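First residue of the sequence shown: 0, per my numbering; consecutive thereafter. Below you'll find the structure, written out as structure tokens, and then a few comments.
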Amino acid sequence: MKWILLLLALASPARADVPEDIQSDGIQVVKYELDHARSTHQINSGTITATIDGPDPLGNFDVNFAFDLYIGRNHKLGEQTITLPGQFFSPAFLPTLRVKGAVALGSLVVTHVGYTDIGPRQGTRRVHADVITIKGFPQDLVKGHLRGLVVTATMSPDVPGLGAALLDLHGRTDGHDVTLAGDYVGPE
């Protein structure tokens with residue numbers, strides 16, 4: 000019986016190829032500082048904190064984006080939670096995406112948009128960084144304020160959690176198009 004449980008644990012898709020920083024305690028928290036130039040112009044400043052929790056029994060990870068924003072003179076707090084399949088966190092995922100151009104992960108479609116150079120941020124310059132988009136979030140996988148969510152991420156292997164050095168969330172709320180764009184500043 001112990002051998003069967005060991006084999007099931009080793010073959011489990013929930014932990015296969017998931018980075019150790021997420022595996023260790025199941026939760027990874029990273030912080031992004033709002034980039035006013037890339038965000039909707041009414042948003043003056045703020046932070047986005049991404050908390051990755053999982054895997055669940057199906058191998059999926061919940062990613063919660065907590066917003067602490069200043070819009071005009073108003074201080075606003077909000078959250079947006081999405082669910083990403085474990086394959087997204089696999090070290091083999093990005094090289095596969097580069098070759099294929101787009102990969103379907105259930106209802107989600109992740110597309111390799113191209114490459115870009117990122118100027119020095121926190122002492123690190125990133126050259127030829129992968130830019131990806133994630134679309135197709137069904138409403139049951141998106142909990143929060145933004146509808147029609149599209150995530151654009153500029154990836155970097157030195158960034159923990161999502162691996163995004165730059166993170167842009169695009170969507171609609173209260174009939175308005177909104178972009179929240181953040182630059183990675185470190186673990187929480």
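C-beta: ideal position from N, C-alpha, C; glycine also. Treat the numbers as computed from the prediction; the structure is a model and nothing was measured.
Query	Result
Residues near Thr39 in its chain [Cβ-Cβ closer than 7 Å; skip 5 each side]	Val177 and Thr178
Supposed close pair Asp67, Ala180 - CB separation, criterion 8 Å	About 15 Å; that fails the 8 Å criterion.
Neighbourhood of Leu104 by C-beta, 8 Å cutoff - its chain only, sequence neighbours within 5 removed	Leu83, Pro84, Gln86 and Phe87
Exposure label - His111; buried when at least 16 CB within 10 Å	buried
Where Val188 falls: helix, strand or coil (DSSP)	Residue 188 is absent from the model: the chain starts at 0 and stops at 187.
Where Gln41 sits in the DSSP three-state scheme	coil
Beta-ladder partner(s) of Leu148, from DSSP	Paired residues: none, contrary to the question.
Distance, Thr46 Cα to Val184 Cα	10 Å
Burial state of Asn73, where buried means 16 or more other Cβ atoms lie within 10 Å	exposed
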